[in-house]
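Peer 1:
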Amino acid sequence: MAKAQRGDPDSSSEDTINEKMVDHVDSTDDEAPDEVAFEDSKTVALQSVKNALESARRERESLKEKRRKRQLLFQEQKKRRLLPEDLLEELETAPTTQQEQQLPSENKDEDEEEPMKKQRKASKVRSLQGNYSVMRVKDDTIGSSQQQAAMDFIQSRLYGKGIQRMTNAQLLSLEKKRGPNKGAAVQFANKQMSAEDNAKAQKCNKRWIRKKNLVPS
Amino acid sequence: MGEFKVHRVRFFEYMPSAIRALAFNSRSEKLAVARMDGSVEIFNRADNLFQEKVIPGREQRTIESLLWVGDRLFSAGLSGEIAEFDLDNLRVKYTLDAYGGPIWSMTGNAQGTHLAVGCEDGTVKLFEVLMDRIQFERNLDRQKGRIISLSWHPSGSKIAAGMMGMIRVFDVKTGHPVHRLLVERAAGTPRNQDCVVWSVVFLSDYTIISGDSSGKVKVWDGKTGTLIKNHQVTKWDVLALSVSQSEDSLVAGTSEGTVVQFQFLSQVLGQGEKEWVATRTFKNHTHDVRAVAEIQTAFVSGGMDTQLFVRPFLDKVECRTQASAIRKVLFPHRRLVSCAKKAGLLLFQYPTHLELWRLGESEGHGKPGTILPVKKNPEKLLHLKIKGEDHICCSAVSPCGEWIAYATVSSVRLYRILCDNNNVSITKVSKLPKVLSSASQLCFSSDSTHLFAASTHASVHVIALSQSGCKFVHTFKPKSGSTQCAHLLATSEDGAWLGSAHTDHHVHVYNLKKLKAHCTVPVYNSGVSAMAIHPTTNNLVMVHADNQIFEYSIEDKKYTNWTREVQRHGLHNLWLEKGTPITHVTFNPRNPAHIVMHDMNMFCIIDQTLPLPENMMQFHNQQTLQVLPEKERQSAMHAFKTCKSFQHLMCVDLLDDQSLVVVERPLLDITTQLPAPVRQKKFAT
């Protein structure tokens, strides 16, 4: 900001001088540029500096405001995620009765898990509408996610970015072009293959016609 | 040959799965092939590369590596499990979690006592191979980063492990790494992308050969851990390596679809130090080659283009024989289409669903070779998705079109279908007999009253079907102690006989009226690829993988005179050299002397009344016959009439109304659905 402050007035004055010089040189030109007084340009420069300062301040403030709002939103979300207080109170009383009903053979770990499970169940029941119930059909194990990651690795290494590949149509067309019995590119020869492309092209054509208003409506 | 109305069917969208791993057992000459969908196929190299066994795949089973230990077959994959296969009953015997995350590779020592698996978490785990299971023994020192490839030194003392950007050599006894061989990444790749050592081979002279993602085949000295030679093979990845048993030849499969052969040669013949030299490049594939295997005098390669290719090394072949021919396996050697002859329905078997189609209709008669106008389009009646994770291993539709059955390794399901006008309703038959827990082949009797299911231990169950449900009738068991399950079943038209062909080449015939074993056909040394019982004479016609045809009279329990004639005379060389086995045999009810059979490339009608072709005669002679005068034509005719106008056949069958159903799957349609190939720049294109 300081740089601009220092530099601006000088440069503007230089400009005016230059313009005058130019005036002297091409005297053939009829229209002379408007003369600008030094005072005027100074005020203009000062104004622009002021504006810049102002806008920077405003920006900072708006950013602050945004952050504050976001913070609020987070807090609200956190609150929303928690269960309502009355329910929590209920829960506090519930586990004791539940534990009494449980068989004594169950070990401690499961007891600790119990309230957690209940919470989850309660929340699910609340979100479900109608006559539905939730059950676990299949576990998503660590194994399957690791397997997926491994397959993704192979995929990225063989078919990922930076691996130069072409389409099968291009390959087949190349063979048609270079091979002993030459023919048209596959997308023209094989109707089945080009069906999708054709549909797309036709759609495009229609849009173009409509855009250009070739058919008067 | 006769004129037929032909239904040319092209709506079976069969899509083979890409080949991921190969393993060759040099003792039994069996080749195991693992596909991306988790299925494993066993080919017999000694028997014209016939696909003897297929173990169906399973969802989430991704096999990365196959290994023979003696006659036992193991697989390991990204699901983190090691599995052993039950090759008699075509299923997984057991699985064992290695607890190291996804398994990238597996290798065994030369003695056949231990397995080593390389895991995602950076451990190499050793397993001991016991009589009926495998047991975890110990881990080698854990490394940072996944173990992509493994190779065990033939002496058993060291293991080389390919990782991200390096190769580690482990001492098996102590479990500590001995060497670290750094593999630099290719020029121009991002800094965060390490070079992947896709494959590594440890030779007995302590040479390590590696293939990596920078497209190089590197030869290392395993004793000192230094690089000896660097071969830039391709711009893309070198994905697979395999060395011959004598360790003088090595093949490398690349992303480009090429297979490069290296040989251990000296610069001057017979003197000087030997080194690995790239000698030949084979281009058999259009897509990435994911697996290669050296087998004695040839190499096998397979990859993303789903084709299995066997190519002989001509320098190792002494004389040109059947076994030294180039072989290509594109389609499975068994039927995926079943046809309801009376109702005109087709059942297509996909890995995870079944489709039932009704054939279209046409009107009028045209000249031979013309296309008739279609009156009614073929319609898809049913799309049946299977439950569970196992893929379908066999399926069948009854001739009347009322019943559909399919089997996976864990269950058999039977459905009843009612079609009235445009409404199709399907009901599952709920109470199947308990014995019907799995089936390797299913077949309905010609009057659709019985279902036959080939099951474990070579048994065949007979189930009676009725409106109310189904009832278990009998279980046939062969008298001889064969335990391998049947892969083909055939019933006679009159419902009296049932033939079953087993993977150990046995063929048994059962009497369905008396419910007992009738006879066993003399064992031939080649597997049965197709068989059927003649509707009028009750002769069992068997076609073997080596293209020999036998006709066996069930009632007389002996080969027929025609078979004796064929054996005495011999078949035409062109027929015997055919590289694709016959997959289906059927008969023409109007002309009982005609046998219709087909393979992938053609279908043919064999006229038993005509003489067999001499070796000197032209085999495909229909064109010539047309221009010959009447008198000469009679003498030039022979029994084999082939038709190649329909290409890449999945099924050819004769319906009861004398029309021919031809199910085609053009290779072009398969190619267009494959994953992307590498970019090829050809000059002036």
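Chains as they are written, first to last, in the UniProt record's numbering: chain A, 1 to 217; chain B, 1 to 685.
Even glycine gets a Cβ: it sits at the ideal position worked out from N, Cα and C.
1) How about B:S301 and B:P312: are their beta carbons less than 7 Å apart?
2) State the DSSP-derived secondary structure class of B:H572, mapped to helix, strand or coil.
3) Nearest CA to the CA of B:G303: which residue from B:H620, B:W357, B:I19?
4) I'd like to know whether the C-beta of A:A199 is nearer than 7 Å to at least one C-beta of chain B.
5) Would B:P351 and B:D37 be called neighbours here (beta carbons separated by less than 7 Å)?
6) Quick check: the segment 537 to 551 of chain B against the segment 520 to 529 of chain B, are at least 3 beta-carbon pairs closer than 8 Å?
7) Hey, does B:S79 have any beta-carbon neighbour from chain A nearer than 7 Å?
8) Express the C-alpha separation of A:E175 and A:K182 in angstroms, rounding to a whole number.
9) Can you tell which of B:P102, B:V129, B:G122, B:D121 has its C-alpha closest to the C-alpha of B:L115?
10) Under DSSP, the beta strand (DSSP E) around A:K79 begins and ends at which residues?
11) Given A:L72, which residues of its chain have a CB within under 6 Å of its CB, disregarding the five upstream and five downstream residues?
12) By DSSP's criteria, B:P521 is part of a beta bridge. Which residues make up the other side?
13) Going by DSSP, what residue range makes up the alpha helix (DSSP H) through B:K5?
14) Here's the rule: buried if 16 or more other CB atoms are within 10 angstroms of the residue's CB, otherwise exposed. What is B:C119?
15) With distances taken between CB atoms, is the gap from B:R327 to B:V310 smaller than 7 Å?
16) Quick one: grab the DSSP three-state call for A:M166.
17) So the beta strand (DSSP E) A:A189 belongs to, where does it begin and stop?
18) Around the Cβ of B:Y552, are there at least 16 other Cβ atoms within 10 angstroms (buried) or fewer (exposed)?
19) Considering only the alpha carbon of each residue, which of B:A278, B:H7, B:S266 lies closest to B:I209?
20) On a Cα-Cα basis, can you pick out the residue from B:I670, B:A240, B:P675, B:T306 that is closest to B:M151?
21) Run down chain A in chain order and give the residues with a C-beta less than 9 Å from the C-beta of B:D288.
22) Going by the beta-carbon positions, is the gap between B:L432 and B:L451 smaller than 7 Å?
23) Do the CB positions of B:I533 and B:A490 come within less than 7 Å of each other?
24) For the segment 75 to 109 of chain B, enumerate the residues whose C-beta is nearer than 7 Å to any C-beta of chain A, in chain order.
25) What number of angstroms, rounded off, separates the C-alpha of B:E29 from the C-alpha of B:A110?
26) Can you tell me the Cβ-Cβ gap for B:V596 and B:L540, rounded? I've got them flagged as a contact below 8 Å.
27) In chain order, what residues of the segment 165 to 178 of chain A put their CB closer than 7 Å to some CB of chain B?
28) Any contact of the segment 132 to 148 of chain B with the segment 220 to 239 of chain B, i.e. 3+ C-beta pairs under 8 Å?
29) With 9 Å as the limit, tell me which residues of the segment 131 to 146 of chain A have their beta carbon closer than that to any beta carbon of chain B; keep them in chain order.
30) What are the uninterrupted segments assigned as beta strand (DSSP E) that are 3 or more residues long and contained completely in the segment 529 to 554 of chain B, given in chain order?
31) Express the C-alpha separation of B:K93 and B:L181 in angstroms, rounding to a whole number.
32) Measuring CB to CB, does B:D124 end up less than 7 Å from B:I103?
33) Just the C-alpha distance for A:K117 and A:Y132, rounded to the nearest angstrom, thanks.
34) According to the Cβ coordinates, are B:L356 and B:S395 closer than 7 Å?
35) Hey, how far is the Cα of residue 688 of chain B from the Cα of B:L347?
36) Looking only at C-alpha atoms, which of B:T107, B:L90, B:D447 sits nearest to B:A23?
Peer 2: This is what the structure gives:
1) no
2) coil
3) B:I19
4) no
5) yes
6) yes
7) yes
8) 8 Å
9) B:V129
10) That residue, A:K79, is in no beta strand (DSSP E); its alpha helix (DSSP H) goes 38 to 81.
11) none
12) Checking the displayed sequence, the identity of residue 521 of chain B turns out to be Val instead of Pro. Beta-bridge pairing links B:V521 to B:V507.
13) Not the alpha helix (DSSP H): B:K5 falls in the beta strand (DSSP E), residues 5 to 9.
14) buried
15) yes
16) coil
17) Careful: A:A189 lies outside any beta strand (DSSP E), inside the alpha helix (DSSP H) at 186 to 189.
18) buried
19) B:A278
20) Here residue 151 of chain B turns out to be Ser, not Met, going by the sequence shown. The residue with the shortest Cα to Cα distance from B:S151 is B:A240.
21) L158
22) no
23) yes
24) L78, S79, G80, G101, P102
25) 17 Å
26) Wrong, their Cβ atoms sit about 16 Å apart, outside the cutoff.
27) R165, M166, T167, N168, A169, L171, L172, L174, K177, R178
28) no
29) I142, G143, S144, Q146
30) 539 to 544, 549 to 553
31) 38 Å
32) It should be noted that the sequence gives Val, not Asp, for residue 124 of chain B. No. Outside cutoff.
33) Only weak support exists for where A:K117 lies, its pLDDT of 46 falling under 50; the value from the coordinates is given anyway. When rounded, the distance between both Cα atoms is 19 Å.
34) no
35) Residue numbering for chain B in the displayed model covers 1 to 685; residue 688 of chain B lies beyond these limits and cannot be assessed.
36) B:T107
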